[in-house]
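Below: the structure, in structure tokens.
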Amino acid sequence: MKIGFIGLGIMGSRMAMNLLKNVTELNVYNRTKSKADELLEQGAVWNESPAKLAKDCDVVFTMLSTPKAVGEVAFGEDGFVEQMKKGALWLDCSTVNPSFSRMVADSVLKQNKRFMDAPVAGSLKPAENGELVFLVGGEPTDFDEIRYLLEYMGKAIHHLGSVGKGSSAKMVVNSMLGQAMVAFSEAIALGKSLDLDNDKLFEILIGGPLTAPFIGLKEEKLKNSEYSPEFPLKWMHKDLNLAAWSAYENNCVLPALNAGKEIYSGAKANGMGDLDMSAVYDYMINKLNNKQ
Ligand SMILES: NC(=O)c1ccc[n+]([C@@H]2O[C@H](COP(=O)([O-])OP(=O)(O)OC[C@H]3O[C@@H](n4cnc5c(N)ncnc54)[C@H](OP(=O)(O)O)[C@@H]3O)[C@@H](O)[C@H]2O)c1
Numbered sequence: 130m131k132i133g134f135i136g137l138g139i140m141g142s143r144m145a146m147n148l149l150k151n152v153t154e155l156n157v158y159n160r161t162k163s164k165a166d167e168l169l170e171q172g173a174v175w176n177e178s179p180a181k182l183a184k185d186c187d188v189v190f191t192m193l194s195t196p197k198a199v200g201e202v203a204f205g206e207d208g209f210v211e212q213m214k215k216g217a218l219w220l221d222c223s224t225v226n227p228s229f230s231r232m233v234a235d236s237v238l239k240q241n242k243r244f245m246d247a248p249v250a251g252s253l254k255p256a257e258n259g260e261l262v263f264l265v266g267g268e269p270t271d272f273d274e275i276r277y278l279l280e281y282m283g284k285a286i287h288h289l290g291s292v293g294k295g296s297s298a299k300m301v302v303n304s305m306l307g308q309a310m311v312a313f314s315e316a317i318a319l320g321k322s323l324d325l326d327n328d329k330l331f332e333i334l335i336g337g338p339l340t341a342p343f344i345g346l347k348e349e350k351l352k353n354s355e356y357s358p359e360f361p362l363k364w365m366h367k368d369l370n371l372a373a374w375s376a377y378e379n380n381c382v383l384p385a386l387n388a389g390k391e392i393y394s395g396a397k398a399n400g401m402g403d404l405d406m407s408a409v410y411d412y413m414i415n416k417l418n419n420k421q
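Convert by adding 129 to the 1-based position in the sequence shown; the result is the number in this note's numbering.
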């Protein structure tokens, strides 16, 4: 089976590395070629464009930033979908909205090719360790066929139903992620305004039943103001926008999510888009609540 991987950013580079360790040949492409260097050193095969990569592949993975990026790489100039073999399968691991996944699948199916949405929960470290959680939508027979490939990159593989259901679940997961970080940051901002000791508050909240466990993994980042990106804040903002849009399409009322979304929007407007999403803490403590 010939496999291709497009999109070698924070997540894609690490996912591709875990695939490469387990398959006989891995074809790769990334807009910025230097991000493929480590993979090429380990034996991955470089392709000059998405279209060239897809030509003989049986399975193509994408891990791209936004729906717009996915659309351009798949259907734009040098797009890969037209070059895929009949019957070949595209797995999109990017976080996109479910109606986008379904629209893409329609175009792909019309060309007698196959599509699954397979976004992931988990960040840089789980991607590196092959411990992602896959949320998959698509035909059960397609799922059975490629499940073993996902197992090289993930510790849990969930098939949630037809195309779009993986992206739907990802909207749910990231609405929790984004809001939990904001809730924690807001609680600390309140504590600070009441002259409570920050370290003591961390001790009380982190590890306790009120705080999402992933915030414990961010503790050192928050304490040291070290916001090197594991999950860029601009993609957290993107995902909350996609969740809000999905809610609009399905007549779901989400007041808290929309308020949280605008806090990330403010952080991004303050130059924090390329920092880790946990930098929203810094924004709430030092920008929204700076009383100097
Ligand atoms: N980081 C996380 O913790 C995490 C966790 C779960 C899901 N996700 C999702 O996974 C996806 C990738 O995230 P990431 O953190 O790996 O982001 P990233 O490091 O910013 O990587 C984004 C990738 O998309 C490519 N790209 C963007 N626009 C493009 C365009 N117009 N044409 C071609 N390629 C384009 C980038 O290419 P260049 O290298 O050339 O810029 C890069 O390969 C996003 O949908 C994100 O929401 C991220």
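Backbone N, C-alpha and C define an ideal beta-carbon position, used for all residues, glycine too.
Keep in mind that this is a model prediction, so the values were computed, not measured.
query: Cα separation between N418 and E348?; result: 20 Å
query: Under a three-way DSSP split, which group does K284 fall into?; result: strand
query: Any heavy atom of ligand 1 closer than 7 Å to the Cβ of E201?; result: yes
query: Ends of the alpha helix (DSSP H) at G435?; result: Because the chain in this structure spans residues 130 to 421, residue 435 falls outside the shown range and cannot be described.
query: Between A247 and G295, how many whole angstroms is the CB-CB distance? I'm expecting something under 8 Å.; result: 6 Å
query: Give a yes or no on contact between the region 147–161 and the region 178–187, applying the rule of three or more CB pairs nearer than 8 Å.; result: yes
query: Quick check: what's the CA-CA separation for K214 versus L369?; result: 35 Å
query: In chain order, what are the residue ranges of uninterrupted beta strand (DSSP E) at least 3 long that sit wholly in the region 239–318?; result: 243–246, 261–266 and 283–290
query: State yes or no: is the C-beta of D368 nearer than 7 Å to some heavy atom of ligand 1?; result: yes
query: G290: which of F272, D166, L319 and E206 sits nearest, CA to CA?; result: F272
query: Assess contact between the region 197–213 and the region 247–265, defined as three or more Cβ pairs (one per stretch) separated by less than 8 Å. Is contact present?; result: no
query: Compute the beta-carbon to beta-carbon distance between W374 and N226, rounded to the nearest angstrom, for a pair I have assumed lies under 8 Å.; result: 6 Å
query: With respect to 7 Å, is the separation between the Cβ of G136 and the closest non-hydrogen atom of ligand 1 below this value?; result: yes
query: List the endpoints of the continuous beta strand (DSSP E) containing I132.; result: I132 to I135
query: In this structure, does DSSP put N380 in helix, strand or coil?; result: coil
query: Report back the beta-carbon spacing between K329 and D405 to the nearest angstrom; my notes put them in contact at under 8 Å.; result: That pair is no contact at about 24 Å.
query: Within this structure, are the beta carbons of L193 and L168 separated by less than 8 Å?; result: no
query: Excluding the 5 residues preceding and the 5 following S304 in the sequence, name in chain order all residues of the same chain whose CB lies nearer than 6 Å to its CB.; result: A372 and L386
query: Rank S297, N327 and G389 by C-alpha distance to the C-alpha of F229 and give the top, closest one.; result: S297
query: Just how far apart, CA to CA, sit V311 and K352?; result: 16 Å
query: Does the Cβ-Cβ distance between A424 and A341 come in under 8 Å?; result: Since the first residue of the chain shown is 130 and the last is 421, residue 424 is not available in this structure.
query: By DSSP, does L218 sit in helix, in strand, or in coil?; result: strand
query: In terms of residue numbering, what span does the alpha helix (DSSP H) encompassing L323 cover?; result: From DSSP, L323 is part of no alpha helix (DSSP H); its letter is neither H nor E.
query: Less than 8 Å between C-beta atoms, sequence neighbours within five positions excluded: which residues of the same chain meet that for L238?; result: F244
query: Tell me whether T161 is buried or exposed, calling it buried when 16 or more other Cβ atoms sit within 10 Å of its Cβ.; result: exposed
query: Could you check if G283 belongs to the surroundings of ligand 1, using beta carbon to heavy atom distance under 7 Å?; result: no
query: So for D185, helix, strand or coil by DSSP?; result: coil
query: Taking the alpha helix (DSSP H) that V157 belongs to, which residues open and close that run?; result: No alpha helix (DSSP H) contains V157, which is instead part of the beta strand (DSSP E) from L155 to Y158.
query: How is F73 classed by DSSP in three states: helix, strand or coil?; result: Residue 73 falls outside the range modelled here, since the chain spans only 130 to 421, and no answer is possible.
query: At what residues does the alpha helix (DSSP H) containing Y410 begin and finish?; result: A408 to D411
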